[in-house]
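Numbered per this note's numbering, the sequence shown finishes at 362, counting up by one with no gaps.
Cβ atoms here follow ideal geometry from the backbone N, Cα and C, with glycine treated the same way.
In what follows, a single structure is set out as structure tokens and then discussed.
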Amino acid sequence: MNARKLCDTARELVADGKGLLAMDESNPTCNKRFARHGIPQTAMARRAYREMIVTTGDLGSCISGAILYDETIRQCLEDGTPFAQAIIDAGMVPGIKVDSGKTDLAGHPGEQITEGLDGLRDRLAEYGRMGARFAKWRAAIPVTEDLPSRGCIEANAQKLAGYAALCQEAGLVPVVEPEVLMDGAHTLERCAEVTQEVLRTVFAHLSLQRVMLEGMILKSNMVLPGLTCPQQEGVDEVADATLRCLLRVVPAAVPGIAFLSGGQTGVLASARLNAMNVRFKGRLPWALSFSFARAIQQPAMEIWGGSDTHVMPAQEALLHRARCNRAARRGEYGAKLESVST
Ligand code: 13P
21 MNARKLCDTA RELVADGKGL LAMDESNPTC NKRFARHGIP QTAMARRAYR
71 EMIVTTGDLG SCISGAILYD ETIRQCLEDG TPFAQAIIDA GMVPGIKVDS
121 GKTDLAGHPG EQITEGLDGL RDRLAEYGRM GARFAKWRAA IPVTEDLPSR
171 GCIEANAQKL AGYAALCQEA GLVPVVEPEV LMDGAHTLER CAEVTQEVLR
221 TVFAHLSLQR VMLEGMILKS NMVLPGLTCP QQEGVDEVAD ATLRCLLRVV
271 PAAVPGIAFL SGGQTGVLAS ARLNAMNVRF KGRLPWALSF SFARAIQQPA
321 MEIWGGSDTH VMPAQEALLH RARCNRAARR GEYGAKLESV ST
């Protein structure tokens with residue numbers, strides 16, 4: 021393990037007001053999103069879509085690193101450039117999703133465990149040779165009146181820590197993602213309570229597995245009311261609740277927290293990130309960044325729709341959301357920016 025290299029990469033991923041672009045949807049998830057827009061669910065279409073993304077001019081001025089899926093890191097642009105190289109050429113760092121997805125957690129109805137540790141040491145070495153410098157593993161934690169259980173939180177935290185230790189051994193920065201899900205009618209307070217417990221447990225396991233905090237990124241949910249909760253707090257309240265929670269449980273040695281969007285609209289995700297960076301300016305030990313998939317890609321995917329002739333407007337839409345989020349990181353986002361077409 022080269023500690024200096026890990027720290028440098030982790031810092032690079034959250035530097036200069038840039039954030040991460042998650043373009044690592046698994047084939048089933050990507051296909052589901054394609055189906056909604058009538059896009060063919062084929063390897064060719066997924067490749068073309070992702071070529072549209074990485075060839076967006078100037079993306080590297082807003083995006084520090086792009087997370088790929090296994091299928092994509094093995095594919096090339098039409099001109100033969102491997103995706104990882106295309107990302108490097110665009111001034112971004114290539115990353116790779118390495119978990120193999122979720123499966124039901126035995127004995128825990130309604131809860132799931134993320135798998136993928138088997139053979140991970142060898143896969144990380146291979147991804148490293150392909151150019152990846154960071155990795156991602158996502159655990160999903162549901163919220164109801166009774167869930168999550170301690171068993172689900174512990175089991176997922178243990179796997180996240182095992183993954184993170186293997187990444188650092190291989191010289192890749194682990195992005196550690198325990199996502200507390202937005203589905204449900206739970207309140208903001210309940211999300212805060214669960215997020216706090218989950219993060220405390222995750223950091224306890226990271227410490228047990230001797231993960232170097234300076235060489236990792238935390239990918240967290242924001243603290244939000246459930247999607248069907250009748251009480252939907254405003255942007256500032258969400259910002260305050262999220263930071264109150266994170267300041268209590270995320271060690272200062274972590275260089276950055278990159279939020280997932282989790283099904284929020286692009287505009288709300290930017291507004292909330294912006295509010296956090298405005299309200300807590302100069303008071304946070306870590307950088308507050310983004311690692312969005314849907315909140316950056318959604319309009320672009322809709323416009324692209326599987327058609328070569330729509331590549332340019334789709335790229336404009338993608339760059340627009342990337343710029344909005346760069347502004348949000350700096351606390352400079354607002355309605356005016358939303359109305360400016362790029
Ligand atoms: P969303 O921003 O669409 O939630 O995706 C983030 C992600 O990469 C989940 O692992």
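Rounded straight-line distance, which links the Cα of residue j to that of residue i
i, j, result
"F300", "T262", "11 Å"
"V222", "W324", "38 Å"
"L137", "E32", "26 Å"
"E165", "L266", "22 Å"
"V274", "G100", "37 Å"
"Y69", "N51", "12 Å"
"V255", "S120", "34 Å"
"R56", "N47", "14 Å"
"R210", "V163", "8 Å"
"G235", "C27", "4 Å"
"G80", "M321", "19 Å"
Close-in-space but distant-in-sequence residues of the same chain around residue i (CB under 6 Å, 5 per side omitted)
i, result
"A185", "Q229, V231"
"T362", "A caution first: T362 carries a pLDDT of 48, below 50, which makes its placement in the model too unreliable to give a value."
"A307", "V34, G276"
"D36", "none"
"R6", "In this structure the chain extends from 21 to 362, so residue 6 is not present and cannot be described."
"H330", "I323, W324"
"A177", "T221, V222, H225"
CA nearest to the CA of residue i, picked from the options
i, options, result
"S309", "A342, Q317, N51", "A342"
"L280", "P250, L244, W306, D260", "L244"
"K239", "A175, A313, E253", "A313"
"L167", "D328, A295, E131", "E131"
"E45", "E146, Y147, W157", "W157"
"A348", "K356, E146, A315, A295", "A295"
"A181", "P194, R170, C172, G171", "P194"
"G85", "Y69, L41, Q105", "L41"
"K179", "G191, S169, A190, V196", "V196"
"R67", "D78, C96, A315", "C96"
Beta-carbon gap between residue i and residue j smaller than 7 Å
i, j, result
"I133", "L144", "no"
"E213", "A160", "no"
"A334", "M64", "no"
"S290", "Y353", "yes"
"N345", "G39", "yes"
"R153", "T29", "yes"
"C187", "A155", "yes"
"M43", "I83", "no"
"M150", "I108", "no"
"A272", "P305", "yes"
"C249", "A205", "yes"
"G282", "M202", "yes"
Neighbourhood of residue i by C-beta, 7 Å cutoff - its chain only, sequence neighbours within 5 removed
i, result
"T76", "Q335, L338, L339"
"I59", "A65, G325, G326"
"A259", "R292, A295, M296, R299"
"Q251", "T207, P245"
Contact test: residue i Cβ vs ligand 2 heavy atom, cutoff 6 Å
i, result
"K239", "Looking at this structure, you won't find ligand 2 anywhere; what it does contain is ligand 1."
Chain C within 7 Å of residue i, Cβ atoms only
i, result
"A273", "Note that chain C does not occur in the displayed structure, where there is just one protein chain."
Next on the checklist: If you measure from each CB to the nearest heavy atom of ligand 1 and keep those under 5 Å, what residues do you get, in chain order?
Outcome noted: A42, R158, L280, S281, G282, F312, A313, R314
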